[in-house]
Every structure is written in C-alpha cells, then in structure tokens.
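A.B. asks: Have a look at the structure that comes next, please.
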Amino acid sequence: MQLKNRELLRTQAYVDGAWIDAGTGAVVQVRNPATGAVVAEAACCGAAETRRAIRAAERAQADWSRRAAKERGDALRRMFEAMLASQEDLACILTAEQGKPLAEARVEIAYGASYFEWFAEEAKRIYGDTIPAPGADKRIVTIKQPVGVVACITPWNFPNAMLARKIAPALAAGCSVVCKPATSTPLSALAIAALAEKAGIPAGVVNVVAGDTRAIGAELTRHPAVRKLAFTGSTAVGKELIRACAGTVKRVSMELGGNAPFIVFDDADLESAVQGALVCKYRNAGQTCVSANRILVQSGIFDAFASRFAEAAGALKLGNGMDEGTAMGPLIDAPAARGVREMVEEALAEGATLLTEADRCAKTGAFVQPAVLADVTPRMRVCQEEIFGPVAPLLRFETESEAIRLANDTPYGLAAYFYARDVGRICRVGEGLEFGIVGINEGIISNAAAPFGGVKESGNGREGSKYGLDDYLEIKYLCLGGIQ
Ligand code: SIN
Numbered sequence: 006m007q008l009k010n011r012e013l014l015r016t017q018a019y020v021d022g023a024w025i026d027a028g029t030g031a032v033v034q035v036r037n038p039a040t041g042a043v044v045a046e047a048a049c050c051g052a053a054e055t056r057r058a059i060r061a062a063e064r065a066q067a068d069w070s071r072r073a074a075k076e077r078g079d080a081l082r083r084m085f086e087a088m089l090a091s092q093e094d095l096a097c098i099l100t101a102e103q104g105k106p107l108a109e110a111r112v113e114i115a116y117g118a119s120y121f122e123w124f125a126e127e128a129k130r131i132y133g134d135t136i137p138a139p140g141a142d143k144r145i146v147t148i149k150q151p152v153g154v155v156a157c158i159t160p161w162n163f164p165n166a167m168l169a170r171k172i173a174p175a176l177a178a179g180c181s182v183v184c185k186p187a188t189s190t191p192l193s194a195l196a197i198a199a200l201a202e203k204a205g206i207p208a209g210v211v212n213v214v215a216g217d218t219r220a221i222g223a224e225l226t227r228h229p230a231v232r233k234l235a236f237t238g239s240t241a242v243g244k245e246l247i248r249a250c251a252g253t254v255k256r257v258s259m260e261l262g263g264n265a266p267f268i269v270f271d272d273a274d275l276e277s278a279v280q281g282a283l284v285c286k287y288r289n290a291g292q293t294c295v296s297a298n299r300i301l302v303q304s305g306i307f308d309a310f311a312s313r314f315a316e317a318a319g320a321l322k323l324g325n326g327m328d329e330g331t332a333m334g335p336l337i338d339a340p341a342a343r344g345v346r347e348m349v350e351e352a353l354a355e356g357a358t359l360l361t362e363a364d365r366c367a368k369t370g371a372f373v374q375p376a377v378l379a380d381v382t383p384r385m386r387v388c389q390e391e392i393f394g395p396v397a398p399l400l401r402f403e404t405e406s407e408a409i410r411l412a413n414d415t416p417y418g419l420a421a422y423f424y425a426r427d428v429g430r431i432c433r434v435g436e437g438l439e440f441g442i443v444g445i446n447e448g449i450i451s452n453a454a455a456p457f458g459g460v461k462e463s464g465n466g467r468e469g470s471k472y473g474l475d476d477y478l479e480i481k482y483l484c485l486g487g488i489q
C-alpha cells in the first residue's frame, strides 16, 4: 500500500485515547480479497479490552455530553475535513482490505465523510418543546439528552461509511461509542479512530476494538453501561443481537438484510432503467443490503431490457480493485463466492437460463463474474434470499398489481426501486411498496440527507437525515408545577 500518511494504517485497538495490543497478544490476519495476500495483522481483542473500552466510554461520555453542541459540531466538522483530506489513503486502505475498486472506495470515503458534515450541523439543532399543560399552574417542557454509551457493530461491505454513519450522529447527540468493525475489515475503522485522535476528540469518546466477534459482541450486549446498540449486518445476526440486548433493555437500531425488488414497467425509459439496474446491482459487486436482488420486468419491455442489461453486465471489467479500469472487484472471500456460485448453479438446475457468459473465473478465488438469469421463478433461492453477489435474476410480470404483490412477497423491507413514467403509477406503486426506501427512476438512493432504514425483518431506526439523531437521544419531560 502506497500511503501518503502511514499513521492511518493502524493495527492496534484504540481504547481510551491509547493504541493497545490485545492482552493475549493475539492478532488477526487481514487479507486482500483479490489476491489472498496478508495486508496487516490487527490486534484480536476480546472481552477484557471491550470492558476497558466500555468503562472509558462511560467516563468520557459524561464530559462530552456537557460540551456545547457547537463544540461537538466543530469536532465533527474537523473529522469531515480530515476524512476528505485523507480520501486517497483511506480509499487505498479500504480497497486493500475489502476489494472494491479504488474509484468506488473513494466514493465510499466521501459518503462516510458526508455523515460527519451532516451531523456537525445537526448537533446544533437538538431542539425540545414546550407543551400546553392541562392546568394553569403547570408548564411542560421537553429536552433531548444523549442515550449514553453506544455500541456500534459494523459490516465488511462498507467498512468506512457504515461506521461513520453511526459515530457521527452518536457524537453529535453527546454519546460516546465503542465500535466493533467486521473482523475481515478492521483497518478502515482503525483509520477513523486515528483521524478522531488527530481531530482532538477527547480520549474515550471514540473506541475501536476489533477481533473476536463472539466475545466482543457478548460484552457489548450484556454490559449495563452500554445503553444502545447500532448494528448493520444480516437479519439473522440482528435477531441474535436484539435477543442479547433484551437482558439490559438496550435501545437498538438495526439496519439488516434486504431483498430489493427492482421493477421495470412498460412505460419506463429503457436506457435509464438499464443504467439504474447496473449501478444498483453491481455496486460493490452486489454486496450491499440495498442491491437489486430481484429484477421484475413487465412483458412488453422484457426482451429489450433483458438483452440490453445482459450485454452491459457482461461487459463489466472484473479485476483487482487496485487496477485502473476495474469496474467490479472480488467478493469478500472465497467461501462467499462459492455460496453465490452455488445459488446460480441451483437456479440453472431448476430451469433458469444464463444470459451472460458462463463464469470464467477460477472456481477457487473470490471473484464471481456478473451473471444475468432469465426463466426464473419467485420460489428459487436467488429470489428468496439476499444474494450478496453480482447475480441478477429477471422475472416477467404482466400487471401493476402483480408487480406490487411479487415485490412485497418477502419478509424483508429495506429498499425497492421502480422505473415508470406514468404519474398515477408512480404514486400508486411508491405508496404500495412495503419498504423503507423506494428509488423511483433512480438506482442509487444512499445519501446523508435522507433517512436510510427498513421495515419488517430489515430492521428499525433510520440513519442519516434530520431523523438520524433521534435514535441517539432520549426525550425527557420536565413538569413544572406550582406556578401562580
Ligand atoms: C448497506 O449495504 O448496508 C448500506 C449501503 C448504503 O449505504 O448504500
């Protein structure tokens, strides 16, 4: 890795403003998914380091929450500026540990930084209310106060942005954080901690412990000083964490799995639907919770869409994310790639047809070629489960109500997309889709100004936007009596 600032490449945990090794001396190897090469060895923390981080966060939170909102906002602003100033180095670290093309990694850093910018401003807008009281001798006032210590558990698919969009609102609200990044991608999180240190965020306000997922997760969910857990990851793990948090009745916000329908109606603009589907499906090699998972196409436009889309998907250049011109990188590791290939093979065995070239990639590596499948049925596993890979199953439908029914026929409810031009249809379908986010004639819906989150088994809470602070705040009601 060619970094301008080597200080961003940290391998120790960041606890109470200090860089520490795991007490046991254990390390975890971080590998580049494109080559399998070891990029770094990071401290493999466990329960002891996590407890230390929680205690530090608890101590630091009391002082942090008393600072003026403007002071917290200014610190977040410094984080935003520092992230952008280090964009190239942070992108390089991200690509090395996660595999996505460098151009996409740069976009992720800007996306992550935008949450610091957004919440730097929102920190100053934590308003309360005065409420007309039922008696003339009373006054009712509400104030908003930080929840307390927040545990942030984040995934490997967006190792920078998913953490940024938890740390930024937490700090804006006056909370402190103990962060547990995915074991395969700890370096981006540790780099954020290095920037927090440089930005003058007080010791203990931001802590990062990577390592033993079970041990760290158990401590974070059990410890009474942790008052909230913010998690992005699979629905299965989210359910486990919710159960584990029940013992101490923690607040939870869960950004879980998705099974996004991407609907193309007959009246859609064909070329923009194809381009929208491409970015929505193949961003991060399909490893996003908001990736198009099932592409539903109305019969009148099916053949035209299928051939244009398959041609464009087949032309995407697969390669090492560090190489110029790579459009799509590897999946996170070889087992993930094997799982995705198995889903495709299963669909083909059940009667689906492949519209793109057969997978030319080595069957052992983490690479999976973009695939487009036709003759798919809704009961196939590629339609039922979150694929998390570059595979696009196409389903044909006839009517608008059939499309809405098929789209909603899933326990998930994170993101949905549709392409249409008829205004009445845009209103009906937008309202009829049971998802937290709906992209209309748009394949990329992520930005800091908008509320990101799902319904049903895709989770609860919203990240980003003016609503994003609410998950980190408690409303307190002050009742003033005896007023003459
Ligand atoms: C995710 O995959 O969890 C988030 C993707 C995004 O923010 O766009």
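Numbering (this note's numbering), first residue to last: 6 to 489.
Glycine residues also receive a C-beta, built at the ideal position from the N, C-alpha and C atoms.
If we count the other Cβ atoms within 10 Å of its Cβ and call it buried at 16 or more, is residue 7 buried or exposed?
C.D. replies: Looking at its Cβ environment, which holds fewer than 16 other Cβ atoms inside 10 Å, residue 7 is exposed.
A.B. asks: Tell me the rounded alpha-carbon separation between residue 57 and residue 51.
C.D. replies: Cα-Cα distance, rounded: 10 Å.
A.B. asks: Secondary structure at residue 364, three-state DSSP: helix, strand or coil?
C.D. replies: Coil at residue 364, not helix or strand.
A.B. asks: Out of 125, 166, 117 and 188, which has the shortest C-alpha to C-alpha gap to residue 46?
C.D. replies: If we check each option's Cα against that of residue 46, 188 comes out closest.
A.B. asks: Ignoring anything shorter than 4 residues or poking outside the region 49-122, list the alpha helix (DSSP H) runs there in chain order.
C.D. replies: List check, alpha helix (DSSP H) in window: 52-71, 74-90 and 92-103.
A.B. asks: Leaving aside the five residues before and after residue 83 along the sequence, list all residues of the same chain whose C-beta is less than 8 Å from its C-beta, in chain order.
C.D. replies: The answer, listed in chain order, is 204 and 205.
A.B. asks: What distance in whole Å lies between the Cβ atoms of residue 447 and residue 461, which are believed to be in contact at a cut-off of 8 Å?
C.D. replies: The pair is not a contact, with the Cβ atoms about 22 Å apart (cut-off 8 Å).
A.B. asks: Compare the beta carbon distance of residue 131 and residue 192 with 7 Å and say whether it is the shorter of the two.
C.D. replies: Going by C-beta atoms, residue 131 is not nearer than 7 Å to residue 192.
A.B. asks: Let me see if you follow: with CB-CB separation under 7 Å, is residue 194 close to chain D or not?
C.D. replies: Given the protein chain composition of this structure (a single chain), no chain D is represented.
A.B. asks: Judging by CA-CA distance, which residue of 467, 180 and 215 is the nearest neighbour of residue 34?
C.D. replies: Here the closest residue by C-alpha is 215.
A.B. asks: At what residues does the beta strand (DSSP E) containing residue 232 begin and finish?
C.D. replies: Counting along the chain, the beta strand (DSSP E) containing residue 232 begins and ends at 231-237.
A.B. asks: So, at 7 Å on beta carbons, what are the nonlocal neighbours of residue 262 in its own chain, with the 5 sequence-adjacent residues on each side left out?
C.D. replies: If we look at residue 262 and ignore the five residues flanking it on each side, its Cβ neighbours are 239, 240, 294, 391, 417 and 463.
A.B. asks: Is the beta carbon of residue 294 within less than 6 Å of some heavy atom of the ligand SIN?
C.D. replies: Yes, the ligand SIN has a heavy atom inside 6 Å of this Cβ.
A.B. asks: DSSP on residue 402, reduced to helix/strand/coil?
C.D. replies: Note: residue 402 maps to strand in three-state DSSP.
A.B. asks: What is the rounded straight-line gap between the Cα of residue 256 and the Cα of residue 198?
C.D. replies: In a straight line, the C-alpha of residue 256 is about 24 Å away from that of residue 198.
A.B. asks: Residue range of the alpha helix (DSSP H) that residue 197 falls in?
C.D. replies: Residues 192-203.
A.B. asks: If we call anything under 7 Å between Cβ atoms a contact, is residue 484 one with residue 145?
C.D. replies: In contact: residue 484 and residue 145 (Cβ atoms closer than 7 Å).
A.B. asks: Which whole-angstrom value is the C-beta distance of residue 231 and residue 114, which I expect to be below 8 Å?
C.D. replies: Not really, about 28 Å apart at Cβ, beyond 8 Å.
A.B. asks: Which of the three DSSP states, helix, strand or coil, is assigned to residue 471?
C.D. replies: The answer is coil: DSSP assigns residue 471 none of H, G, I, E or B.
A.B. asks: Tell me where the beta strand (DSSP E) around residue 287 begins and ends.
C.D. replies: That residue, residue 287, is in no beta strand (DSSP E); its alpha helix (DSSP H) goes 275-287.
A.B. asks: What would DSSP say about residue 249, mapped onto helix, strand or coil?
C.D. replies: Three-state DSSP puts residue 249 in a helix.
A.B. asks: Would you say residue 470 touches the ligand SIN, meaning its beta carbon is less than 6 Å from a heavy atom?
C.D. replies: Residue 470: no, Cβ never under 6 Å from the ligand SIN.
A.B. asks: Let's test the definition: count the other Cβ atoms within 10 Å of the Cβ of residue 122 and tell me whether it reaches 16, buried, or not, exposed.
C.D. replies: Its Cβ being crowded by 16 or more others within 10 Å, residue 122 is buried.
A.B. asks: Report the residue from 288, 176 and 229 whose alpha carbon sits nearest the alpha carbon of residue 163.
C.D. replies: That would be 288, whose Cα lies nearest to the Cα of residue 163.
A.B. asks: Measure the alpha-carbon distance for residue 127 versus residue 166 and round it to whole angstroms.
C.D. replies: So the alpha carbons of these two residues sit roughly 18 Å apart.
A.B. asks: Using the Cα positions of residue 242 and residue 251, report the straight-line distance between them to the nearest angstrom.
C.D. replies: Cα-Cα distance, rounded: 14 Å.
A.B. asks: My understanding is that residue 81 touches residue 125, with C-beta atoms under 8 Å, so please give their C-beta distance in whole angstroms.
C.D. replies: Contact flag correct, Cβ pair sits at about 4 Å.
A.B. asks: Shortest alpha-carbon distance to residue 190 belongs to which of 207, 212, 172 and 159?
C.D. replies: Considering only alpha carbons, the answer is 159.
A.B. asks: Return the bridge partner residues of residue 418 from the DSSP annotation.
C.D. replies: Beta-bridge pairing links residue 418 to 460.
A.B. asks: So, do the region 347-361 and the region 294-309 have three or more beta carbon pairs nearer to each other than 8 Å?
C.D. replies: Because the criterion of three Cβ pairs below 8 Å is not met, the region 347-361 and the region 294-309 do not touch.
A.B. asks: Is it the case that the Cβ atoms of residue 336 and residue 396 are separated by a distance below 7 Å?
C.D. replies: Not closer than 7 Å, so no.
A.B. asks: Can you tell me whether residue 67 is buried or exposed? The criterion is at least 16 other CB atoms within 10 Å of its CB, across all chains shown.
C.D. replies: It is exposed - the Cβ of residue 67 has fewer than 16 other Cβ atoms within 10 Å.
A.B. asks: Tell whether a beta-carbon distance below 7 Å holds between residue 334 and residue 104.
C.D. replies: A contact, by the Cβ cut-off of 7 Å.
A.B. asks: Report the CB separation of residue 156 from residue 107 in whole angstroms; it is logged as a contact under 8 Å.
C.D. replies: The pair is not a contact, with the Cβ atoms about 31 Å apart (cut-off 8 Å).
A.B. asks: Quick one: residues in its chain with C-beta nearer than 6 Å to the C-beta of residue 225, no 5 flanking neighbours on either side, listed in chain order?
C.D. replies: Same-chain partners within the cutoff: 156 and 231.
A.B. asks: Please classify residue 142 as buried or exposed, where buried requires at least 16 neighbouring CB atoms within 10 angstroms.
C.D. replies: Looking at its Cβ environment, which holds fewer than 16 other Cβ atoms inside 10 Å, residue 142 is exposed.
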